[in-house]
Amino acid sequence: MNIRPFLLVAIVIVTSLAGCTSTYEFKPQTSESLVLRSLQTIKSIKNGEKFKNFKDMLSDAAGCAIFPALYKAGFFVGAEGGNGVIIARDRQGNWGYPAFYTLASASWGLQFGAQKAGVVLIIRNRGAIESILQNQGKFGADVSFAVGPVGTGLEGAITTNLAADIIAFSDVKGLFAGMSLEGAGIIRRNDLNLEYYGKEVTPSSILLEHAHQNVQADPLRTSLIIQ
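Numbering follows my numbering, with no gaps: position 96 of the sequence shown is 134.
Below you can see the structure in the form of structure tokens.
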């Protein structure tokens, strides 16, 4: 299967100005805790009135990437990023199990104070998943993207390009003045995959071959089902 050399990503950003502080505490994350936090992020966005189009997008998705907490702090400084998971459907349309990744070195534009964002990337086709697996999905190099409307209560089209391979939903907490994924890389976390599955596994064997399971992720998989 030929993989498109460039993915087109549309960014849908909904801001929530709440509880801004000067710093956030970074704590070591276990793979299981990251899966639990990913579940919370999905529930928050899935049930949020601001994200009216999320369920429709998710119901047709080939996969999704969930980053419960992307952090950025300081003035005019790029984001440090955060850890998350990618989950893909199998050929029968069933959601598989998570592969662990880090979204790193994102540029968030003009920023005052600290910021924390939960982000879900709706991956709309299998080719986009394969491109991430092969290229580690560097935005701005391996991935080009278009920015959609910003704000709440969107009733019409949510993006300037409805044919985008990836659409991102972000619930931002803290002061916010623009968001960009320019230069960000989705980097595989072999250490977390090893911890979670108890053996050495590859992202491809998780996301494409669906060769590994961990029942701890079943609630997260269930939360992705749209009825």
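Beta carbons: idealized from backbone N, C-alpha and C, even for Gly.
Being a predicted model, the structure only gives us computed values, none of them experimental.
Does the Cβ of residue i have 16 or more other Cβ atoms within 10 Å, making it buried, or fewer, making it exposed?
i	result
G186	A caution first: G186 carries a pLDDT of 34, below 50, which makes its placement in the model unreliable, though a value can still be read off. Looking at its Cβ environment, which holds 16 or more other Cβ atoms inside 10 Å, G186 is buried.
P136	buried
D256	exposed
E168	buried
S71	exposed
K237	exposed
T68	exposed
V253	exposed
G131	exposed
S60	Note that S60 scores a pLDDT of 37, beneath 50, so its modelled location is shaky; the value from the coordinates is reported in the next line. Exposed, because fewer than 16 other Cβ atoms sit within 10 Å of the Cβ of S60.
K154	buried
Return yes when the Cβ of residue j is within less than 8 Å of the Cβ of residue i, no when it is not.
i	j	result
C102	I170	no
L230	F89	no
L108	V157	yes
R227	N121	yes
K81	S261	yes
A100	R162	yes
L96	I264	yes
H250	D128	no
T79	P106	yes
I83	A142	no
I204	A166	yes
L245	G134	yes
DSSP three-state call for residue i: helix, strand or coil?
i	result
L141	strand
A249	coil
A100	coil
F105	strand
F92	helix
V73	helix
R164	helix
R129	coil
N85	coil
R227	coil
I170	helix
I80	helix
L262	coil
E233	helix
Q254	helix
The ligand MN and residue i: does the residue's C-beta get closer than 7 Å to at least one heavy atom of that ligand?
i	result
Y234	This structure simply doesn't include the ligand MN, nor any ligand for that matter.
Bridge partners of residue i, per DSSP?
i	result
L159	A103, A206
N121	T140
Is residue i close to chain B? Criterion is C-beta to C-beta, closer than 8 Å.
i	result
V253	This model lacks chain B altogether; it includes just one protein chain.
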